[in-house]
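Here the structure is laid out as structure tokens; the discussion comes afterwards.
Residue numbers (the working numbering): 1 to 330.
The structure is reproduced here in structure tokens:
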């Protein structure tokens, strides 16, 4: 039986369908109509799967396969592989999609190995032509993109959040829900997640913010970040930081943007006293607009930014904050 169609492995956030899953459904539909053939199916694992199934259908899934199991409310690597394998054996998809998340980075390579398929992480482009899946991912700190083309029988791709536009919700869309019958082989469960600890935070999550104001080592210490917090609050955004800032202990590691930190794709990224090293740009190159403030005119950040101000942040930022405050009427 030849493989066709797209299977999206759903992820949730606070009991709701994750945004990146909605985006995967949208690009999945384009692939199905653009050469992959078949339809878009989805897999929901864990708790509350009936409600998640309705969301999946409203965002474009034609068939949703569910496996309700309270023990799998958190991502469980070995158990999820078994459930996903059952779904793949049922659907026979040509393409399997998931978000570029901790779960997606762990699960998709395991499935790809089992099926001798191609695996592409951090995809920002996907297409299908001449029997091959084409994909693109950022490399060299976002300064270039690698293009891949694979004629494998099955493809596994993790998509970067906000790289694709989610289709609007359509509650009139019809779909079918199927309950998967999976007997979990506990002998194959070598790893079990027992607890997930969340960093206490207030305000908008860094990954979800439409505006991110990030600071670098050039700020000189933790105190100036109060100014960045002020600007972020005015703009309805979140504060980020370079690795040097977090390594110095000025801010917790959860604020770090970059290759070894978080990847953000806001509409606006304001980089204050950040040099723009490739390791940092790897985490923010997907921003629609980058504004840089740096006193070093030769700093790499100006090559990456759409707008730049050459000057000492301490002289530039106060006026910028006041202007933003006036424009926002706050």
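For every residue, glycine included, the Cβ atom is placed at its ideal position computed from N, Cα and C.
About 17 angstroms separates the CB atoms of residue 290 and residue 311; that is not less than 8 angstroms, and the two are not in contact. DSSP places residue 259 outside any beta strand (DSSP E), giving it a letter other than H or E. A straight line joining the alpha-carbon of residue 250 with that of residue 98 spans about 34 angstroms. Bridge pairing for residue 138: 145 [DSSP].
Counting only runs that start and end inside the segment 46–113, the alpha helix (DSSP H) elements of at least 4 residues fall at 49–58 and 77–91. Within the segment 146–197, the complete beta strand (DSSP E) segments at least 3 residues long are 155–159 and 176–179, listed from N- to C-terminus. Around the CB of residue 122, 16 or more other CB atoms lie within 10 Å, so the residue is classed as buried. The Cβ neighbour count for residue 205, taken over all protein chains shown within 10 Å, is under 16; the residue is labelled exposed. Between the alpha carbons of residue 170 and residue 21 lies a distance of about 15 angstroms. DSSP places residue 126 in the strand class (E or B) of the three-state scheme. Here residue 186 is exposed, its C-beta having fewer than 16 other C-beta atoms within 10 Å.
With distances taken between CA atoms, residue 267 lies nearest to 235 out of 278, 82, 5 and 235. Counting only runs of 4 or more residues that sit fully inside the segment 241–323, the alpha helix (DSSP H) segments are 243–247, 278–281 and 301–304, in chain order.
Rounded to the nearest whole angstrom, the CA to CA distance from residue 89 to residue 152 is 17 angstroms. If you ignore the 5 residues before and after residue 313, its C-beta comes within less than 6 angstroms of the C-beta of 272, 273 and 293, all in its own chain and listed in chain order. In this structure, the straight-line span from the alpha carbon of residue 285 to that of residue 39 is close to 32 angstroms. Considering only 255, 119, 224 and 62, the residue with the shortest C-alpha distance to residue 208 is 255.
A distance below 8 angstroms separates the beta carbons of residue 6 and residue 93. Residue 116 and residue 182 have their C-alpha atoms spaced approximately 23 angstroms apart.
If you draw a straight line from the Cα of residue 75 to the Cα of residue 63, it is about 22 angstroms long. Residue 318 and residue 325 have their C-alpha atoms roughly 11 angstroms apart. Taking C-beta separations shorter than 8 angstroms and ignoring five residues to either side along the sequence, the partners of residue 140 in its chain run 278, following chain order. Across the structure, residue 131 and residue 149 are spaced so that their CA atoms are roughly 10 angstroms apart.
The beta carbon of residue 19 is closer than 7 angstroms to those of 161 and 166 in its chain, skipping five residues each way along the sequence.
Beta-bridge partners of residue 9 (DSSP): 43.
For residue 28, the enclosing alpha helix (DSSP H) starts and ends at 19–31. Under the 10 Å beta carbon count, residue 269 is surrounded by 16 or more other beta carbons and is classified as buried. The beta carbons of residue 61 and residue 8 sit about 7 angstroms from each other, so the pair counts as a contact at 8 angstroms.
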